[in-house]
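In the numbering used here, the protein residues as written are 1 to 295. Glycine included, each C-beta is placed from N, C-alpha and C at the ideal position. Here the structure comes first, spelled out in structure tokens, and everything after it is commentary.
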Amino acid sequence: MKKLLSSIVDFTLFSNVFMALCAVAQGLVTFYLIGAKPIPVVLVLLFTSTLGIYNFSIFIGRPKKLLKSSTMREVWYFKHYRLMITMAIVAILSLAPLFFQISMESKIMLIFLAVISFCYSLPLFTLGDKKFGLRNIPGLKQFLITLVWSMSTVLLPVMESLHAHTTNISLRDITILLAKRFLFIGALTMPFDIRDLFHDYQLGLKTIPVIYGEKKAYLFCQIILIGYVVLLFLFRNNGFNNDFFALTITAVLAGWLIFHSTIEKNDYYYFFWIDGVLILQYLILLLFNSFSFKL
């Protein structure tokens, strides 16, 4: 029973199914914050696109042989890579019928994000005898990941809700919401670069931890989260309400988890606890919404 449970957990975390659920949760957070009813096609799009692109990216970056610094997920993934490629193909193919059910604005944005996502790992450029992709450009890896996540989980739900006339959110509020999400996602992606510090160094990836070191990267995470809380405070709606407390508590919890995310922590800590904050944020919003208090 224990072995079966362990296999299920490994599959959920390392096959990127859990990550896809995190994308769905962040889409639900957006629908909740803009006061719109969740649109099923948007949530399915977020799930399938995340699952497909993440598995595709890992496969493209597959090393000829696993390094000593390879993570638990990489070891698990390449032991089951045929299954993972099958899942990626099915997920990407399933996007076709979903793609034609959304507005033209959303289609254009998704095409733009898809190009960035696929070019992220592909060796498009050549310098001397070395080939490299967008993620090899110094400082660009984390920015691209954060940009794609922020735009997909904020703009896709917003644009489809506007198209369905289920929200009347202003451009100002959209911009603020996008900025908040960008900071929140950016802080959560940094610990993974810190964990992969030596691995990225071996691959020649110029991430923030590789360039500036582990300690400065941790400090940068906390500064980003502080900036996120400041935006929550400055642009709170209707005073100190349930949403403000829920999002602030989530940010504090994320900061605590990041503070304890040392290189020695295993992949379960990162892929369940840290990534899980993306799901927990929505659950905490629902929990606080069940109470009716306001300051």
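Check: Residue span of the alpha helix (DSSP H) that contains Leu155, given as start and end; Outcome: Element bounds for Leu155: n/a, residue is neither H nor E.
Check: Cβ pair Ala25, Thr50 closer than 7 Å; Outcome: no
Check: Where the alpha helix (DSSP H) containing Tyr32 begins and where it ends; Outcome: Val17 to Leu33
Check: Burial state of Arg181, where buried means 16 or more other Cβ atoms lie within 10 Å; Outcome: buried
Check: Straight-line Cα distance separating Arg236 from Tyr201; Outcome: Caution is warranted here: a pLDDT of 48 is assigned to Tyr201, below 50, making its placement in the model unreliable, and the coordinate value is therefore given only provisionally. So the two alpha carbons sit approximately 41 Å from each other.
Check: Three-state class that DSSP yields for Gln101 in the structure shown; Outcome: coil
Check: Buried or exposed (CB count within 10 angstroms, at least 16 for buried), Asn289; Outcome: exposed
Check: C-alpha gap between Ala217 and Leu5, whole angstroms; Outcome: 35 Å
Check: Cα-Cα separation, His260 to Ile224; Outcome: 16 Å
Check: Secondary structure of Lys2, DSSP reduced to three states; Outcome: helix
Check: Where Glu74 falls: helix, strand or coil (DSSP); Outcome: helix
Check: DSSP three-state assignment for Asn168, whether helix, strand or coil; Outcome: coil
Check: Pro157 and Thr250 closer than 7 Å at C-beta; Outcome: no
Check: Where Glu160 falls, given that 16 or more other Cβ within 10 Å makes a residue buried; Outcome: buried
Check: Residue environment, Thr48, which counts as buried when at least 16 other CB atoms sit within 10 Å; Outcome: buried
Check: Among Gly52, Ser57, Ile34 and Leu21, the one whose alpha carbon lies nearest that of Leu43; Outcome: Leu21
Check: Ile249 - containing alpha helix (DSSP H), residue span; Outcome: Asn242 to Phe259
Check: Phe288 - containing alpha helix (DSSP H), residue span; Outcome: Asp275 to Asn289
Check: Segment limits, alpha helix (DSSP H) that includes Leu122; Outcome: No alpha helix (DSSP H) holds Leu122; DSSP gives it neither H nor E.
Check: Alpha-carbon to alpha-carbon, Val17 and Gly276; Outcome: 12 Å
Check: Minimum Cβ-Cβ distance from Ile249 to chain D less than 7 Å; Outcome: Of the chains in the structure shown, none is chain D; there is only one protein chain.
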